[in-house]
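Just below is one structure, and these are the notes that go with it.
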Amino acid sequence: MTGGSLVERFRRRMLRMHSIRSRIRNSILIIIVLMLIPFFINIGFSIAHTQQYDRIITNVSGVGNLNKIIQERIPDEMFNIVAGNKSFEDGEQYVILEDIKLQLEELPSLAPGNTNSKQLVVASRAVSRLESYIDGLGTQIRDERPVEEWEDTLEEIRGVADLITDLLQEYILLEIEVASQMNSAILSSWRLTIVLEILIALFLCLFAVATQRAVTRSISQPIYSLERFAGRIAQGDLAARTESARVRELENLTASLNVMAEKLGMLMEESIREQENLKKSEMRILQAQITPHFIYNTLDAIMWLAQSNRNDEVIHITKAMSTFFRIALSRGHDWISVSQEIEHVESYLMVQYVRYRDILTYSFEIDERLKDQLMLKLVLQPLVENAIYHGIKLIRRPGTIVVRGWLEGQRMHFSVTDSGIGIPKEKLEAVRAQLGGEAPGSDVEGYGLYNVDKRLCLYYDSAAGLFIESEYEKGTTVSFSVPVRNEVVHV
């Protein structure tokens, strides 16, 4: 199997993994293992060659000592016996022979093809022959043969000893040749190891590059995908989704971005619905203000005043009606000054006063610091209208409406108080519940309050909602507070 295919297999395996940490860890482990292979090979060769050298040196040293014994001790021992320096029975010739035999048997063969084993076999046979000559010399001595025969046998013993020495010398030469061959093998293995290390180094370079590319690709591609996905979301494509990343560390991020896109889509849809509901609410407020009934009653009052030659009052109510509609429309603007909102409410009360002058009085208590501040339009007039139709008209005595506005810190406070019929406790709880729940029908009492409350919460914050206090047969106060705005807020 080639290095390229191994790298490709590893790359595919890396892509199947899930953790960046595991990919890097596995890559490092593989690199470490590959780097250790030449090290262990060198150690193995070194141990094997060292052991072989040690055996050769031990053998050569042992054969050298054995040659000395065969060349010196055997001939000297037998000469002393022939010369009469010691008896045959007291000689150590057999002890020396046993020692020679044991040493020959312990000599291993390292030469290829057991070449030097043949030398050892021949040497062992020569030792047996030497033993037979020694036995013969002993027989000659016991039989008291002539000394000349002893000397001839002694010469034979010396010749066999020289033969054994020559054989062992050849053994030493063969062992040296084995050492030389071993040295050549060491050089060959050293060259092979160098080549192997070079190949492993090249493979590690390819492997490191492939691993780096695989890890980089496995990280960069999901990140690029997430970047493109985020760009699509930034461009408004909230229906976009991205596939789950193959990298474990990016799975949670990918899932979170998908959830975020889904929630953004839901929020956008909800915002669109809120905008639609808001526009519908504003349209209903405008429609409620310009209903034919309201216009008819106002025009009828103008006509009645004109017939009575009350021209000043005709001019006054006509001007009030014109101001009322002009501020209500405000050229489509949502934000007007507090003074304009108060003027709008005052125009409305002027028109209504013509019809309900016998039962209606009103007053304004507005902090001068508020008049130039901006506020959301059409929030006070619906509260005043609610006070007239659901408060003042339901009592048999004159009623009063007081519109208040004051500044506390960075919040503007407003309230509309009427001395009308008030709200029973159970009904008051229902009205309060409606403000935080679903919109009631347009014909249901409290619909105007609901619209104002929703608009305040949408344009300001949840703390800007309406607060209602009422006591049955004594009156009602509807209040709210909004933060001071230094610039117009578009929703």
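With our numbering applied, the sequence shown corresponds to residues -2 to 488, in that order. C-beta atoms are modelled at their ideal positions from N, C-alpha and C, and glycine is treated no differently.
Legend entry - Given 8 angstroms, three or more beta-carbon pairs between the segment 346 to 360 and the segment 298 to 312: yes
Legend entry - Cut-off 7 angstroms between Cβ atoms - residues of its own chain near residue 89, not counting five sequence neighbours on either side: 74
Inset, instruction - Identify every run of the beta strand (DSSP E) within the segment 349 to 373, keeping only runs that are complete inside it and at least 3 residues long; order them along the chain. - result: 357 to 363 and 371 to 373
Legend entry - Residue range of the beta strand (DSSP E) that includes residue 472: 472 to 480
Inset, instruction - For residue 476, I'd like the list of residues in its chain whose CB is within less than 6 angstroms of its CB, leaving aside the five on either flank, ordered along the chain. - result: 412 and 464
Inset, instruction - Please name the residue in 478, 193, 406 and 207 whose C-alpha comes closest to that of residue 25. - result: The option with the nearest alpha carbon to residue 25 is 207.
Inset, instruction - For residue 0, I'd like the list of residues in its chain whose CB is within less than 7 angstroms of its CB, leaving aside the five on either flank, ordered along the chain. - result: In this prediction, residue 0 has a pLDDT of 46, which is less than 50 and means its spatial position is unreliable; what the coordinates show is noted afterwards. Apart from sequence neighbours up to five positions away, the residues of its chain that approach residue 0 with a beta-carbon distance below 7 angstroms are 200 and 203, ordered along the chain.
Legend entry - Endpoints, the alpha helix (DSSP H) within which residue 181 is located: 144 to 231
Inset, instruction - Leaving aside the five residues before and after residue 336 along the sequence, list all residues of the same chain whose C-beta is less than 6 angstroms from its C-beta, in chain order. - result: 368
Inset, instruction - Inspect the CB distances between the segment 141 to 158 and the segment 181 to 197 and report whether three or more fall short of 8 angstroms. - result: no
Legend entry - Stretch-stretch touch, CB-based, cutoff 8 angstroms, three pairs: the segment 89 to 104 with the segment 61 to 79: Touching, per the Cβ criterion.
Legend entry - Helix, strand or coil at residue 399 according to DSSP, with G and I counted as helix: strand
Inset, instruction - Give a yes or no on contact between the segment 44 to 60 and the segment 128 to 142, applying the rule of three or more CB pairs nearer than 8 angstroms. - result: In this structure the segment 44 to 60 does not lie against the segment 128 to 142, because fewer than three pairs of beta carbons, one per stretch, are closer than 8 angstroms.
Legend entry - C-alpha distance - residue 84 paired with residue 49, whole-angstrom precision: 45 angstroms
Legend entry - Length-filtered (3 minimum) beta strand (DSSP E) runs lying within the segment 284 to 340: 332 to 334
Legend entry - Residues near residue 167 in its chain [Cβ-Cβ closer than 6 angstroms; skip 5 each side]: 116
Legend entry - Close-in-space but distant-in-sequence residues of the same chain around residue 362 (CB under 6 angstroms, 5 per side omitted): 401
Inset, instruction - Flag this pair as yes or no: are the beta carbons of residue 161 and residue 123 separated by less than 7 angstroms? - result: In this structure, residue 123 lies closer than 7 angstroms to residue 161 by Cβ.
Legend entry - residue 452, buried or exposed, once every other Cβ within 10 Å from all chains shown has been counted against 16: buried
Legend entry - Beta-bridge pairing of residue 465 - partner residues as DSSP gives them: Answer is 475.
Inset, instruction - Could you check what DSSP says for residue 239 in three-state terms: helix, strand or coil? - result: coil
Legend entry - Euclidean distance between Cα positions of residue 467 and residue 397: 15 angstroms
Inset, instruction - Report yes if the CB atom of residue 469 is closer than 7 angstroms to the CB atom of residue 406, and no otherwise. - result: no
Inset, instruction - Drop a sphere of 10 angstroms on the beta-carbon of residue 321, count the other beta-carbons inside from all chains shown, and report buried for 16 or more, exposed for fewer. - result: buried
Inset, instruction - Check residue 85 in the structure and name its three-state DSSP category. - result: coil
Legend entry - Terminal residues of the alpha helix (DSSP H) in which residue 394 lies: Taken as a continuous stretch (DSSP letters only), residue 394 belongs to no alpha helix (DSSP H), as it is neither H nor E.
Legend entry - For residue 413, three-class secondary structure by DSSP: strand
Legend entry - DSSP-derived helix/strand/coil call for residue 375: coil
Legend entry - C-beta atoms of residue 389 and residue 357 nearer than 7 angstroms: yes
Legend entry - Exposure of residue 487, with buried meaning 16 or more beta-carbon neighbours within 10 Å: A caution first: residue 487 carries a pLDDT of 47, below 50, which makes its placement in the model too unreliable to give a value.
Inset, instruction - For residue 94, collect the residues of the same chain with a Cβ closer than 8 angstroms to its Cβ; drop the 5 residues on either side in sequence, then sort them by chain order. - result: 71, 124, 127, 128 and 131
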